[in-house]
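Using numbering that gives the first Met the number 0, you'd call the opening residue of the sequence shown number 0 and step up by one each time.
Where a beta carbon is used, it is the ideal one built from N, C-alpha and C, also for glycine.
Note that the coordinates shown come from a computational prediction; the quantities given were computed from them, not determined experimentally.
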Amino acid sequence: MLRFCALGLLLFSIPLFVLPAQEVLRGQVWVELEPMPGQFIEDPAPPDAEALRRRALEEASLFFSAMVYGWAFHYDIGEQARNIPEQLELEPQGVIPWGDPGLFATDTEVRDNRLYMWADFRPSAAQRRRLSTWTSGMYRSAQAVGHGPLGGPVLLADWVTIKQAALEDAARAAIRTMLRGSERQRPKAAEGFISLAEFPVFWRDAGQWAASGRFRVKVEEVIPFAAY
0 MLRFCALGLL LFSIPLFVLP AQEVLRGQVW VELEPMPGQF IEDPAPPDAE ALRRRALEEA
60 SLFFSAMVYG WAFHYDIGEQ ARNIPEQLEL EPQGVIPWGD PGLFATDTEV RDNRLYMWAD
120 FRPSAAQRRR LSTWTSGMYR SAQAVGHGPL GGPVLLADWV TIKQAALEDA ARAAIRTMLR
180 GSERQRPKAA EGFISLAEFP VFWRDAGQWA ASGRFRVKVE EVIPFAAY
């Protein structure tokens, strides 16, 4: 209990910033206070407050990057009968690092052996223009659930990579669902752009991470099998 109190004091000492709501992106992340499921540590050390804070901010920066910049994608839909594997390639269009001056940790709470943290991001004028592009009529909304491995013995920084895998699988499922609804014939591949509309939700499902995400998608090109 003492270590949680000390953790709370350190985290709540982070300065709070009151900003105009329309200029701030906000989302909540959580990290485990004990070793992650799938890790095998004989004698886990007490949680380090600064390490947990960094882990939470790294995760928040991943989501803010996906909201502001998004990804360019190339999606091979795959077809078992033709021995074509399904594959999604995502290329980030920009990155907001965890130490970005516009990124802040605000409210925190220790509950159910987890640290919950609200993170705010104040975008620059150029970033606000990017955000307005994603909300234009050129992009369609799509929501889907993806899965990824729980992971084995991993480094602290790999926590973000593990959850990113589930998020990217959700992006794949969202693109696939959109193509099913718009294309009469099954195409070979599609290219375009996709962004995250809001922070995703994670949970454990049958030995895997599950991620539910809402995305904004623009399909620039649909490549039919006839082109090959």
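7 Å Cβ cutoff met for residue i and residue j
i	j	result
V144	A118	no
G191	V221	no
L195	M66	yes
G93	Y68	yes
A164	G147	yes
F72	L89	yes
Range of the contiguous alpha helix (DSSP H) that encloses residue i
i	result
S123	Segment: none, S123 is in no alpha helix (DSSP H) and carries neither H nor E.
S232	With the chain running from 0 to 227 in the structure shown, residue 232 is simply not present.
Span of the beta strand (DSSP E) around residue i
i	result
L51	Unbroken run through L51 is the alpha helix (DSSP H), 48-67; no beta strand (DSSP E).
A189	188-195
W70	70-75
E22	Per DSSP, E22 belongs to no beta strand (DSSP E) and is neither H nor E.
Q86	86-91
Local conformation of residue i per DSSP, three classes
i	result
L32	coil
R81	helix
Cut-off 8 Å between Cβ atoms - residues of its own chain near residue i, not counting five sequence neighbours on either side
i	result
P186	I76, L178, V221, I222, P223, F224
A55	V28, W29, V30, A104, L114, M116, A118
Residues that DSSP places opposite residue i in a beta bridge
i	result
M116	V28, T107
R139	V216
W208	G147, R203
Sequence-distant residues of its chain with Cβ nearer than 6 Å to residue i (five each side left out)
i	result
S181	none
A59	V28, A118
P91	W70
E57	W97, V159
R25	D119
Close beta carbons around residue i, own chain, < 7 Å, minus the five adjacent residues each side
i	result
Q126	V67
V216	Y138, R139, A141, A173, I174, M177, G191, I193
heavy atom of the ligand FAD below 6 Å from residue i C-beta
i	result
A141	Ligands are entirely absent from the displayed structure, and the ligand FAD is therefore not among its contents.
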